[in-house]
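Trainee: Residue numbers (the UniProt record's numbering): 1 to 108. Glycine included, each C-beta is placed from N, C-alpha and C at the ideal position. First the structure, which I've put down as structure tokens, then a few questions once you've had a look.
Spelled out as structure tokens, the structure:
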């Protein structure tokens with residue numbers, strides 16, 4: 001089982017953003033303290049994975065997570081969702097005991 005999964009929709013979106021910015025198609029997911037539920041997800045385009053990062057690849061796009069954040073998001077799926085409220089990356093995290101309405105923060 002993969003520690004992390006990047007959906008095809010999320011991979012396509014990352015590839016499109018990376019192409020526009022002239023960067024590598026590497027999406028970094030990290031977890032920071034804060035948000036309305038205790039922790040919040042942070043997404044960045046990254047040049048390359050660090051030596052100790054967990055890496056998942058979908059359609060040539062890599063999702064990378066540092067070891068500390070991985071403890072909080074192991075088993076998660078990162079998707080890209082478009083709705084009337086807008087478009088955003090969404091994390092489905094089996095470790096989260098609580099979440100908020102916006103989907104960008106969670107509690108353990």
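1. Tell me whether residue 52 is buried or exposed, calling it buried when 16 or more other Cβ atoms sit within 10 Å of its Cβ.
2. What do you reckon, are the CB atoms on residue 77 and residue 92 nearer than 7 angstroms?
3. Helix, strand or coil, according to DSSP, for residue 50 in the structure here?
4. Would a C-beta distance cut-off of 7 angstroms place residue 80 and residue 9 closer than the cut-off?
5. Answer with buried or exposed for residue 70, where buried requires no fewer than 16 other C-beta atoms within 10 angstroms of its C-beta.
6. With distance defined between alpha-carbon atoms, name the residue in 49, 94, 60 and 20 nearest to residue 29.
7. Measure the alpha-carbon distance for residue 73 versus residue 84 and round it to whole angstroms.
8. Please report the distance separating the alpha-carbon of residue 55 from that of residue 45.
Mentor: This is what the structure holds:
1. The sequence position of residue 52 within the chain shown is 52, counting from 1. So residue 52 counts as exposed.
2. Translated into positions along the chain shown, residue 77 becomes position 77. Translated into positions along the chain shown, residue 92 becomes position 92. With a cutoff of 7 angstroms on beta-carbon distance, residue 77 and residue 92 are scored as near each other.
3. On the chain shown, residue 50 is found 50 positions in, with the first residue counted as 1. Collapsing the DSSP output to three states places residue 50 in coil.
4. As a working note, residue 80 is residue 80 in the chain shown. As a working note, residue 9 is residue 9 in the chain shown. Yes, the Cβ-Cβ distance between residue 80 and residue 9 is below 7 angstroms.
5. Here the question's residue 70 lines up with position 70 in the chain shown. Its Cβ being crowded by 16 or more others within 10 Å, residue 70 is buried.
6. For this step, residue 29 is matched to residue 29 along the chain shown. Residue 49 holds the alpha-carbon nearest to the alpha-carbon of residue 29 among 49, 94, 60 and 20.
7. Position 73 of the chain shown, counting from 1, holds the residue named residue 73. Position 84 of the chain shown, counting from 1, holds the residue named residue 84. Taking the straight line joining both Cα atoms gives about 27 angstroms.
8. Residue numbering aside, residue 55 sits at position 55 when the chain shown is read from its first letter. Residue numbering aside, residue 45 sits at position 45 when the chain shown is read from its first letter. The straight-line gap from Cα to Cα measures roughly 14 angstroms.
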